[in-house]
Amino acid sequence: MKINRALSMLGIATKAGKTVTGEFMTEKAVKEGTAFLVVVAADASENTKKKFSNMCKYYQITMKVFSDKISLGNACGKEFRASLAITDAGLAKSVVKQIDSLDNLEVQ
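The opening position of the sequence shown corresponds to residue 1 in the numbering used here, with each subsequent residue numbered one higher.
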């Protein structure tokens, strides 16, 4: 059930207008310095994960691999999303806390 809490936080961030979704918009937010957290779906391609991992290391932004494309999309009111960025520091911190509290799940 804890996964739902993390996804709910993503939904709250979206309703507050503090998320950008999709590869292009996520990349743009990282490069413009407006992203505080990048979330990439666990079932995203290895290429996508590597791209965002390298980008987030370079720009010193936290990145989490979490959930799946359909769940991330649904949390943001979209069909499916492989990546999203949270553009509010407080909300990003809350989502990281929720994701980090998940045990026995593959979270990077």
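We put the CB at the ideal spot given by N, CA and C, even for glycine.
Give the secondary structure of L102 by DSSP, where H, G and I count as helix, E and B as strand, and everything else as coil.
coil
* Put K64 into one of helix, strand or coil per three-state DSSP. => strand
Note down, one range per segment and in chain order, each alpha helix (DSSP H) of at least 4 residues found wholly within the stretch 11-42. 23-32
ask   = What residues in its chain sit with their C-beta under 6 angstroms from that of L91, if we drop five residues either side in the sequence?
value = A13, K18
- Is G73 buried or exposed, if buried means 16 or more other CB atoms sit within 10 Å of its CB? buried
Bridge partners - L84, DSSP secondary structure assignment: T21, V39
What did DSSP end up calling A44 once you bin it into helix, strand or coil?
coil
Please classify G90: does DSSP put it in a helix, a strand, or coil? helix
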